[in-house]
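According to numbering that gives the first Met the number 0, the sequence shown is numbered sequentially starting from 0.
Note that the Cβ used here is the ideal one computed from N, Cα and C, for glycine as well.
Treat the numbers as computed from the prediction; the structure is a model and nothing was measured.
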Amino acid sequence: MIRKVWEHAGVVFFNHFFTHFPSHRVRQAVLRLWGAQIGPESAIFRGTTVLGIDGIRIGEASVIGFRCLLDGRGGLSIGDNVVIASDVHFIAGHHLPNSDDFGYVLEPTVVEDYVWIASRATVLENVTIGRGAVVGACSLVRKSVEPMQIAAGIPAKPVAVRRSALTYRPVYRPKLF
Numbered sequence: 000m001i002r003k004v005w006e007h008a009g010v011v012f013f014n015h016f017f018t019h020f021p022s023h024r025v026r027q028a029v030l031r032l033w034g035a036q037i038g039p040e041s042a043i044f045r046g047t048t049v050l051g052i053d054g055i056r057i058g059e060a061s062v063i064g065f066r067c068l069l070d071g072r073g074g075l076s077i078g079d080n081v082v083i084a085s086d087v088h089f090i091a092g093h094h095l096p097n098s099d100d101f102g103y104v105l106e107p108t109v110v111e112d113y114v115w116i117a118s119r120a121t122v123l124e125n126v127t128i129g130r131g132a133v134v135g136a137c138s139l140v141r142k143s144v145e146p147m148q149i150a151a152g153i154p155a156k157p158v159a160v161r162r163s164a165l166t167y168r169p170v171y172r173p174k175l176f
């Protein structure tokens, strides 16, 4: 019971008080305090909402844009050198429509290294986005995306193959953002 209260306090504390604080260092320190694992040189921009803080793992030099939703209740793992543009939503579960008690299922989401997810995409639970893959803007990802695949649409489907050596390191932490 105390653990649940602590987790809920962390979610409320971050989402209501610190998500708009103009310092990556402070925002990430608060998330780490409540159990998130965040690698060095990563950035989480202002306005991002988090759920299930202790289920979130973000690798090194990954950038999370403005106003994203990071739902870690089922487990959310984001690799190294990942770029997640603004307004991207990760949804950890779904309700069971035929359940008498409106039951739900929470499942993990995995984003491997060097992935780029464009603005306003939504990624559902039980999905893996493979190394180097790209998800187009406003896409709905309901199924896993293969490494180096470019997927787009509603639902997201393969549209091309990415050709990149994947040697970049997207370190971007501007002051006051």
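Range of the contiguous beta strand (DSSP E) that encloses Ala-84: Taken as a continuous stretch (DSSP letters only), Ala-84 belongs to no beta strand (DSSP E), as it is neither H nor E.
Classification of Ser-138 by the beta-carbon crowding that lies within 10 angstroms, buried from 16 upward: Counting Cβ neighbours within 10 Å, Ser-138 comes out buried, since at least 16 surround it.
Cβ-based burial, Val-81 [other Cβ within 10 Å; buried from 16]: Buried: at least 16 other Cβ atoms inside 10 Å.
Under the three-state DSSP convention, the category Asp-53 falls into: Asp-53 falls in the helix class under three-state DSSP.
Test item: CB-CB of Glu-111 and Arg-130 under 8 Å: In this structure, Arg-130 lies closer than 8 Å to Glu-111 by Cβ.
Distance CB(Phe-184)-CB(Ile-52) smaller than 8 Å: Outside the shown range of the chain, which is 0 to 176, sits residue 184, and nothing can be said about it.
Inter-stretch contact (C-beta, 8 Å, three-pair minimum) for the stretch 144 to 153 and the stretch 19 to 27: Segments in contact, no.
Rounded C-alpha distance that separates Thr-121 from Arg-56: Whole-angstrom Cα-Cα distance: 18 Å.
Cβ-Cβ separation, Ala-42 to Gly-71 (assumed contact under 8 Å), whole Å: That pair is no contact at about 17 Å.
8 Å contact criterion, which Val-49 and Val-10 should meet: CB distance rounded: By a beta-carbon distance limit of 8 Å, Val-49 contacts Val-10. Their separation comes to about 7 Å.
Check whether Ala-136 and Val-114 have beta carbons under 8 Å apart: Cβ distance not < 8 Å, so Ala-136 and Val-114 don't count as in contact.
For Asp-79 and Gly-64, believed in contact at Cβ under 8 Å, the rounded distance: About 17 Å; that fails the 8 Å criterion.
Beta-carbon gap between Val-126 and Val-134 smaller than 8 Å: Not closer than 8 Å, so no.
Backbone secondary structure at Lys-156 - three-state DSSP: In the structure shown, Lys-156 sits in a strand (DSSP, three-state: E or B).
Range covered by the beta strand (DSSP E) that runs through Leu-105: That run of the beta strand (DSSP E) goes 103 to 105.
Cβ neighbour criterion (16 or more within 10 Å) applied to Val-102: Reading off the sequence, residue 102 comes out as Gly, not Val. Per the 10 Å Cβ criterion, exposed.
C-beta contact flag for Pro-107 and Ser-76 at 8 Å: In contact: Pro-107 and Ser-76 (Cβ atoms closer than 8 Å).
Buried or exposed (CB count within 10 angstroms, at least 16 for buried), Leu-69: Its Cβ being crowded by 16 or more others within 10 Å, Leu-69 is buried.
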